[in-house]
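In what follows, a single structure is set out as structure tokens and then discussed.
Residue numbers (my numbering), protein chains in the order written: chain F, 59 to 372; chain H, 12 to 238.
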């Protein structure tokens, strides 16, 4: 049901027919969605009852982009705290306790604090947004997230004038996160954004996917989503948000500095040392599609990097 | 069978197996191609009919499985000699070449899947000679892997009885390349993983064991000759 037939094939199977219909509906809807607030609910394959409906307003979707299936979104991802295989997190994260959960906001802010997750989320508007997701490994998905704008949280904490970067930390709990018992990466996982990136309206703190609470394997209960950056910037199971003066370290930068930079903006012109980033394989589709600068969000975010050499600041 | 070193002197083969157990040859001859063609069929089934036998990303899974089986079959082939030496099961000898040939079968499919299904050379409008050239010249793990594949080709071609006869002593010398090929295979594996080196490191340890046995055996052989 998921792969369009290979090019040489002349056969039109039912699945190819459905795929084509889905593609056409999507192309039409996205056209409409860019103008108004189109919902992609109609795209849900009716045959698959286990699949919840993708909710939300599409942001930056391209013709042909359809939400990746629930099964793939929640069954195939990197979350090294639960194993290095992409199918490990779903298997190993099931007992993960996300209640109670506390988030600490501190560093260069006027209003630091420890918040119970509910209190942390309460003042903000929860939105459903459909984003593209491009992994640095050259595969991609389209994911209907649910979450709040990070900017909202930061504004409430009131960064001081010295604050220039935001550092995020994942929970450190080797008892629950078996991956942390091995030094694959430096634990706990760290990520960072420049303050203007963090304040950008596209930057989400996600609490859900497909209109449901995040499953543990996807970074429950709180994870970062920055759609114009490679997926590894989307730090999961966040317990701390710290405002700092200097560029913070991130786990992948520390692990392999020649391959992973701080910015990690999706950029088809800058290859990963081991593979080209010019194209990507969309999960659920066979054929490669071109990778877009800033993953298709250039109109919204390219100005953040005006004058910067993106080959050096990869 | 001469007095190969490491061979059990006098006591006879383990478990009294002077010849292969019934069905052994059949299993060794049929299982590896079934596995290799099985992976390929399952991959194609996933691609054409949307089954999920290989999970979410059948191309990657299939490509990796074929690569891993190349190593396993290569190791199996390299295990024959030590195993024979330790157990005295000389009837194992005839399977060494077969297993090596099946490793080649696996690596050919590994290469084809990489080239046409993963990289999508000419299959995708966006992937042409330029991309391929960059991959073949600038990406060390691909260069290492390709070298291994290229070195395996003459070994596969010369694996017939006729070739063995024709090449005589040179055949053995040529086929010592398998040691280099095995090293290249394991290095290629290690270089291609993102961060978790567990499996390639385990493979390297197994390879070290296989090499170690040969070194010890050849030392002993030399010592015997001197004595």
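Glycine is no exception: its CB is placed at the ideal position from the N, C-alpha and C atoms.
If you draw a straight line from the C-alpha of residue i to the C-alpha of residue j, how long is it?
i	j	result
residue 264 of chain F	residue 111 of chain H	51 Å
residue 5 of chain H	residue 296 of chain F	Residue 5 of chain H is absent from the structure shown; chain H starts at 12 and stops at 238.
residue 232 of chain H	residue 54 of chain H	47 Å
residue 164 of chain F	residue 210 of chain F	15 Å
residue 120 of chain H	residue 237 of chain F	33 Å
residue 229 of chain H	residue 236 of chain H	11 Å
residue 105 of chain F	residue 140 of chain H	Here residue 105 of chain F scores only 44 on pLDDT, less than 50, and its place in the model should not be relied on; the value that follows carries that caveat. Straight-line Cα distance between these residues: approximately 41 Å.
residue 359 of chain F	residue 88 of chain H	55 Å
residue 142 of chain H	residue 125 of chain H	13 Å
residue 59 of chain H	residue 123 of chain H	17 Å
residue 133 of chain F	residue 226 of chain H	46 Å
residue 301 of chain F	residue 171 of chain F	12 Å
residue 28 of chain H	residue 35 of chain H	12 Å
residue 367 of chain F	residue 153 of chain H	29 Å
residue 354 of chain F	residue 194 of chain H	42 Å
residue 200 of chain F	residue 188 of chain H	47 Å
residue 198 of chain H	residue 211 of chain H	8 Å
residue 177 of chain F	residue 306 of chain F	27 Å
residue 156 of chain H	residue 144 of chain H	15 Å
residue 219 of chain H	residue 177 of chain H	32 Å
residue 352 of chain F	residue 232 of chain F	34 Å
residue 104 of chain H	residue 206 of chain H	38 Å
residue 163 of chain H	residue 118 of chain F	47 Å
residue 166 of chain H	residue 174 of chain H	10 Å
residue 347 of chain F	residue 339 of chain F	6 Å
residue 267 of chain F	residue 169 of chain H	56 Å
residue 175 of chain F	residue 202 of chain H	41 Å
Check for me: the beta strand (DSSP E) holding residue i runs from which residue to which?
i	result
residue 249 of chain F	248-252
residue 197 of chain F	197-207
residue 2 of chain H	In the structure as shown, chain H begins at 12 and stops at 238. Residue 2 of chain H is therefore absent and cannot be evaluated.
residue 301 of chain F	296-302
residue 150 of chain F	Here residue 150 of chain F belongs to no beta strand (DSSP E); instead the alpha helix (DSSP H) covers 146-150.
residue 190 of chain F	185-192
residue 266 of chain F	262-267
Would you please verify whether the beta carbon of residue i is less than 7 Å from any beta carbon of chain F?
i	result
residue 213 of chain H	no
residue 158 of chain H	no
residue 223 of chain H	no
residue 56 of chain H	no
residue 66 of chain H	yes
residue 233 of chain H	no
residue 150 of chain H	yes
residue 16 of chain H	Summary for residue 16 of chain H: the model assigns pLDDT 47, below 50, so the residue's position carries little reliability; its value from the coordinates is reported in the next sentence. No, its Cβ sits nowhere closer than 7 Å to a Cβ of chain F.
Counting contacts by CB-CB distance shorter than 7 Å, is residue i in contact with chain H?
i	result
residue 309 of chain F	no
residue 125 of chain F	no
residue 130 of chain F	yes
residue 334 of chain F	yes
residue 134 of chain F	yes
residue 145 of chain F	yes
residue 228 of chain F	no
residue 160 of chain F	no
Which residue comes first and which comes last in the alpha helix (DSSP H) that contains residue i?
i	result
residue 223 of chain F	Looking at the DSSP string, residue 223 of chain F is not in any alpha helix (DSSP H); the run it does join, the beta strand (DSSP E), is 223-228.
residue 187 of chain H	No alpha helix (DSSP H) contains residue 187 of chain H, which DSSP labels as neither H nor E.
residue 57 of chain H	35-60
residue 153 of chain H	151-168
residue 72 of chain H	69-98
residue 117 of chain H	106-123
residue 178 of chain H	172-178
residue 130 of chain F	128-133
Considering only DSSP beta bridges, list what residue i is partnered with.
i	result
residue 329 of chain F	Paired residue(s): none; residue 329 of chain F is not in a bridge.
residue 171 of chain F	F/163
residue 337 of chain F	F/348
residue 323 of chain F	F/287
residue 281 of chain F	F/264
residue 270 of chain F	F/267
residue 116 of chain F	F/188
residue 217 of chain F	F/167
Is residue i near the ligand ADP, judged by its Cβ being under 6 Å from some heavy atom?
i	result
residue 58 of chain H	You won't find the ligand ADP in this model; it holds no ligand whatsoever.
Return no unless some Cβ of chain C is closer than 7 Å to the Cβ of residue i.
i	result
residue 142 of chain F	Of the protein chains in the structure, F and H, none is chain C.
- prompt: When Cβ atoms are compared, which residues of the stretch 236-267 of chain F fall closer than 8 Å to chain H?
  reply: 242, 243
query: Relative to chain H, which residues along the stretch 337-365 of chain F have a C-beta separation below 9 Å, given in chain order?
result: 337, 339, 341, 342, 344, 345, 346, 347, 348
message: Along the stretch 120-148 of chain H, where does the CB come closer than 9 Å to a CB of chain F? Name the residues.
response: 128, 129, 130, 131, 134, 135, 136, 137, 138, 142, 145, 146
task: Scan the stretch 167-188 of chain H for residues whose Cβ lies nearer than 8 Å to a Cβ of chain F and list them as they occur along the chain.
output: none
message: Closer than 7 Å between beta carbons: that is the criterion. Which residues of the stretch 302-332 of chain F meet it against chain H?
response: 313, 332
query: Relative to chain H, which residues along the stretch 184-202 of chain F have a C-beta separation below 8 Å, given in chain order?
result: 195, 197
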